[in-house]
Amino acid sequence: MQDQVNEDCASSTSKQKNSITGVLIWTVLAVAVGSGFQHGYNTGVLNAPQKVIESWINQTTPMSENELTVVWSTATSIMCIGGIIGGALTGVLSTNVGRRMALILNNGIAIVAGLTMGGSKYVGQPWMIILGRFIIGINAGLNNGVGPMYLSEISPTGLRGSITAVYQLNMTTFILLSQIAGTDRVLGTDNLWPYLFFLVLIPAVYQILALILSPESPK
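Right under this line is the structure:
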């Protein structure tokens, strides 16, 4: 009889440890949508509107085809350099201010990057796209390090693998979204392409507000 009681208690405790709560769902969405968007979306956002943006760059600052190729290649690849820096800062930032606050502060970087890239057209400065891509790379590197770490630490033991995988799934989904948004039927036009970059402001603000109401990591 006592053995049965012990088994029932153990089963009940296990279910509690693996339970999905409203707070957990709220927090997972905040990280998966907020951080996953920035990483995935900005990875692919330059692909579809390439010709449109290249045309604007050449009109603003006339250059040879080879020079334009160098500029575009730099704008595309410099996000990776920013990502290396962001990844290197993951441990320092998350340890000093906590995982949740690190993500909140990281959204400030995303907002600066979005305004810099989107604003480039309105001030006629193509180099701002390169600068913005570098900045958003730092944001993506931090997201890729802190986001899954935070999700893992706040998740029930039995659900950690599944919940952490949500980040990667969302990142892939937002790469697809960036390809759709960048087509000429959506935002990939001469007048609307800056809004491809301004879009990063929405998940940044959302995540700030959502994480304010989310729990801190226990570690």
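When you line the sequence shown up against our numbering, it's residues 61 to 279, in that order. Just so it is clear, CB atoms sit at the ideal spot from N, CA and C, and this is done for glycine as well.
Alpha-carbon to alpha-carbon, residue j and residue i
{"i": "G256", "j": "A241", "result": "The displayed chain sequence assigns Leu, not Gly, to residue 256. Approximately 7 Å between the Cα atoms of the pair."}
{"i": "Y163", "j": "W187", "result": "It should be pointed out that residue 163 corresponds to Leu in this sequence rather than to Tyr. Rounded to whole angstroms, L163 to W187 spans 27 Å at the Cα level."}
{"i": "A92", "j": "Y227", "result": "5 Å"}
{"i": "F97", "j": "E127", "result": "31 Å"}
{"i": "G100", "j": "G168", "result": "18 Å"}
{"i": "G142", "j": "A170", "result": "12 Å"}
{"i": "T103", "j": "F194", "result": "12 Å"}
{"i": "T73", "j": "A225", "result": "Only weak support is given to the placement of T73: the predicted model assigns it a pLDDT of 38, under 50, and the question is left unresolved by the model."}
{"i": "T232", "j": "L271", "result": "22 Å"}
{"i": "N251", "j": "I198", "result": "28 Å"}
{"i": "T136", "j": "P109", "result": "12 Å"}
{"i": "I235", "j": "V105", "result": "7 Å"}
{"i": "T176", "j": "I196", "result": "10 Å"}
{"i": "Q239", "j": "S95", "result": "18 Å"}
{"i": "G184", "j": "L165", "result": "29 Å"}
{"i": "L261", "j": "N203", "result": "15 Å"}
{"i": "L229", "j": "G221", "result": "12 Å"}
{"i": "N107", "j": "T243", "result": "9 Å"}
{"i": "A200", "j": "R245", "result": "27 Å"}
{"i": "I223", "j": "T87", "result": "11 Å"}
Environment of residue i [buried if 16+ CB atoms lie within 10 Å]
{"i": "P263", "result": "buried"}
{"i": "S180", "result": "buried"}
{"i": "R160", "result": "buried"}
{"i": "I268", "result": "buried"}
{"i": "V83", "result": "exposed"}
{"i": "Q64", "result": "Here the model assigns Q64 a pLDDT of 45, short of 50, so the residue's position is not dependable, and the following value carries that caveat. Q64 is exposed by the Cβ-count criterion."}
{"i": "L259", "result": "buried"}
Close-in-space but distant-in-sequence residues of the same chain around residue i (CB under 6 Å, 5 per side omitted)
{"i": "M292", "result": "The first residue shown for the chain is 61 and the last is 279, placing residue 292 beyond what the model contains."}
{"i": "I145", "result": "I198"}
{"i": "G147", "result": "G201, G205"}
{"i": "T134", "result": "I190"}
Residues of its chain near residue i, where Cβ-Cβ distance is below 7 Å and the 5 sequence neighbours each way are ignored
{"i": "L281", "result": "This structure cannot settle anything about residue 281, because the visible part of the chain is limited to 61 through 279."}
{"i": "E114", "result": "L128, W132"}
{"i": "L237", "result": "Y101"}
Own chain, CB closer than 8 Å to residue i, minus 5 neighbours either side, in chain order
{"i": "P278", "result": "E213, I214"}
{"i": "V206", "result": "S95, T150, L153, S154, R159, A162, L163, N166"}
{"i": "Y266", "result": "A90, V93, G94"}
{"i": "V157", "result": "L165"}
{"i": "W116", "result": "K181, P186, D250, W253"}
Below-8 Å beta-carbon distance, residue i vs any chain B residue
{"i": "T176", "result": "Among the chains of the structure shown, chain B does not appear; only one protein chain is present."}
In chain order, what are the residue ranges of uninterrupted alpha helix (DSSP H) at least 4 long that sit wholly in the region 198-251? 220-241
Touching or not, the region 207-226 and the region 81-91, by the rule of three or more beta carbon pairs under 8 Å? Yes, they touch.
Go through the region 140-183 residue by residue and report every complete run of the alpha helix (DSSP H) that reaches 4 residues or more, in order. 159-183
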